[in-house]
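All remarks here apply to the structure that follows.
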């Protein structure tokens, strides 16, 4: 059974690994857009523009319909970079609407904007799964997000003892694993999580596969 990597910025295909490559919408994406490899695509809050939103959403609405686009994003909110947060919320709202229309999950980037994200999910009554990628915050925030119906994806943070990610994942079954832009391999992350959960890597692979099936992504 393969390793599943829900979110990566690495383009290389690795034997024994199913990776969801995350692409940010750019002007030349039509030329580079993979047709078969599983990907996600969206307007990253660092690069999305309220001025160009109509055109960007026009492109995204076309590209996101491809069968190999498994998730919308990464998209989200970032209080430290990008447009002012009010504009980022408007941009995210449109991507949520697209994800709902296509019945595809969202993969989310969130920096110092978790309360806004929780409020937006409640306001819009979002039905598609919303996955917070690269969760590396404290255990209390993680539990709050889970309580509000978000899913969590974990990366390199699980390799450090006593982090919120390592504590959360111990008793959690519905989650995902990723490499993001790290040089740490997905195999290292799986083995670290298997040790935390006191299970084998193969048992963990089966669990993650089952979680993917819940999202109808395979």
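In the working numbering, the protein residues as written are 5 to 222.
We treat Cβ as the ideally placed atom computed from N, Cα and C, and that holds for glycine.
Since this is a predicted model, take the numbers as computed values, not measurements.
The DSSP assignment places complete beta strand (DSSP E) segments of no fewer than 3 residues inside the stretch 89-132 at 110-115, in order along the chain. In the pairwise beta carbon analysis, the stretch 166-178 is classified as not touching the stretch 43-55: fewer than three pairs are separated by under 8 Å. Rounded to whole angstroms, the separation of the alpha carbons of residue 20 and residue 209 is 11 Å.
Restricted to the stretch 7-82, the beta strand (DSSP E) segments that are unbroken, complete and at least 3 residues in length are 7-12, 21-28, 43-46 and 73-82, listed in chain order.
One thing to note: residue 132 has its Cβ within 8 Å of the Cβ of residue 109. Residue 178 counts as exposed, since fewer than 16 other C-beta atoms from the protein chains shown sit within 10 angstroms of its C-beta. When only Cα atoms are considered, residue 69 and residue 75 end up about 10 Å apart.
Minimum Cα-Cα distance from residue 160 among the listed residues 122, 152 and 180 corresponds to 180. Leaving aside the five residues that flank residue 10 on each side, the residues in its chain whose CB is nearer than 6 Å to its CB run, in chain order, 24, 157, 180 and 182. In the three-state scheme derived from DSSP, where H, G and I count as helix and E and B as strand, residue 185 is classed as coil.
Closest by C-alpha distance to residue 168, out of 186, 185, 184 and 149, is 149.
DSSP places residue 180 in the strand class (E or B) of the three-state scheme. Counting C-beta atoms within 10 angstroms of its own C-beta, residue 12 has 16 or more neighbours from the protein chains shown and is therefore classed as buried. From the listed residues 125, 42, 127 and 154, the smallest Cα separation to residue 139 is found for 154. The beta carbon of residue 164 sits closer than 8 Å to the beta carbons of 170 from its chain, once the five residues preceding and following it are set aside; these are given in chain order. Around the beta-carbon of residue 114, 16 or more other beta-carbon atoms lie within 10 Å, marking it buried.
In the DSSP assignment, residue 158 falls within the unbroken beta strand (DSSP E) covering 155-158. Only residues of its own chain outside the window of five on either side were considered, and among them 54 and 57 have a CB closer than 8 Å to the CB of residue 94, listed in chain order.
At least 8 Å separates the beta-carbon of residue 122 from that of residue 73. Within the same chain, and ignoring the five residues on either side of residue 82 in sequence, the residues whose Cβ sits closer than 8 Å to its Cβ are 49, 50, 92, 113, 114, 115, 116 and 117. With a threshold of 16 other beta carbon atoms within 10 Å, residue 203 falls short and is exposed. The Cβ atoms of residue 64 and residue 102 sit closer than 8 Å to each other.
Rounded to whole angstroms, residue 86 and residue 213 show a C-alpha spacing of 34 Å.
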